[in-house]
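Per full-length UniProt numbering, the very first residue in the sequence shown carries number 1; after that it's consecutive.
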Amino acid sequence: MGEEIRFGVQVISELNSQLLKPAAVKVTFRRKNVQRFRVRHFGRFIEQEITQPSNQQVSIWIPAGDSPDIRVLVKTLGYRTMTAMGIPESVHAEIMEKITSKSNGYCTWILVEIEMVRTGSDFFRPLDPAEGEGGGFGEGRKMIPATKSSIEGLERLAFEDDDSRDTTCAVCMETLDVGVEAIRLPCFHLYHRDCIVKWLQ
């Protein structure tokens, strides 16, 4: 398992008037989790990424200005916000440098989008027809069990009733009860923990 961090900093809005400068700038930090995995398909591996819906967003106001005291305050606010969001310290300085360069002007709102890219073991790995036990297409095809690390890396959550998503486990076809431990695959489908683990093994 590995993790890569990608980020972008962009100005969302700025003052039209060049006569006034804002006293403070709104900075919105938005974290997204990205799952990267490889699928074996007809003799080659295809790398895919699935971005989970953004569920972590924090906005702060930082004072505008370029005095030493303001720079220290802005850094402190930014570092503490990113630490609370679980953003590794290794990228704090680079992100804050980008924010500072964007805020030295007439902008009033800056958006920082941070992607935490998690790389796991190979996920579903169906054998090619030629590698199966039979000779024709689809004959003797079988699935290689998912690795223990890929199963352990799946997202686990306590199921909450939500009309916007399917509440049926696709393995046993029974309704997921509120509070039960569920597993969400990169495709965002939910399953009973025992059902999907047994199926993947």
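Ideal Cβ positions, reconstructed from N, Cα and C, are used throughout, including at glycine.
Cut-off 8 Å between Cβ atoms - residues of its own chain near residue i, not counting five sequence neighbours on either side
i, result
"CYS187", "ILE50"
"PRO22", "LEU15, ALA64, TYR106, CYS107 and THR108"
"THR168", "GLU174, THR175 and LEU176"
Proximal residues to residue i (C-beta, below 7 Å), its chain only, five neighbours per side dropped
i, result
"ILE60", "VAL27, LEU77 and THR81"
"ARG6", "GLU115 and VAL117"
"VAL58", "PHE29, THR81 and MET85"
"GLU181", "ARG156, ALA158 and ARG193"
"GLN56", "ARG31 and MET85"
"GLU152", "none"
"LEU20", "none"
Segment limits, alpha helix (DSSP H) that includes residue i
i, result
"GLU174", "Looking at the DSSP string, GLU174 is not in any alpha helix (DSSP H), and its letter there is neither H nor E."
"LEU200", "193-200"
"GLU152", "148-152"
Residue i at chain D interface by Cβ criterion, 8 Å
i, result
"SER149", "Absent from the structure is chain D; it holds one protein chain and no more."
Other residues of its chain near residue i: CB distance less than 6 Å, five sequence neighbours each side excluded
i, result
"VAL111", "According to the sequence displayed, residue 111 carries Leu and not Val. Once the five neighbours on either side are set aside, the close Cβ partners of LEU111 are GLN10, ILE12 and THR28."
"GLU113", "GLY8 and ARG30"
"TRP199", "VAL171"
"GLU89", "none"
"GLN201", "PRO145"
Supposed contact pair residue j and residue i - C-beta distance, whole angstroms, cut 8 Å
i, j, result
"LEU176", "HIS189", "In fact, because the Cβ distance is near 11 Å, the residues do not count as touching under 8 Å."
Check whether residue i and residue j have beta carbons under 8 Å apart
i, j, result
"GLU155", "ILE196", "no"
"ALA93", "PRO63", "no"
"ASP66", "ASN104", "yes"
"VAL72", "THR100", "no"
"GLN48", "ASN33", "no"
Residue i, enclosing beta strand (DSSP E) - first and last residue
i, result
"ALA23", "Looking at the DSSP string, ALA23 is not in any beta strand (DSSP E), and its letter there is neither H nor E."
"GLU181", "181-184"
"LEU157", "155-158"
Those runs of the alpha helix (DSSP H) which lie wholly inside the segment 49-125 and span at least 4 residues: 68-84 and 92-103
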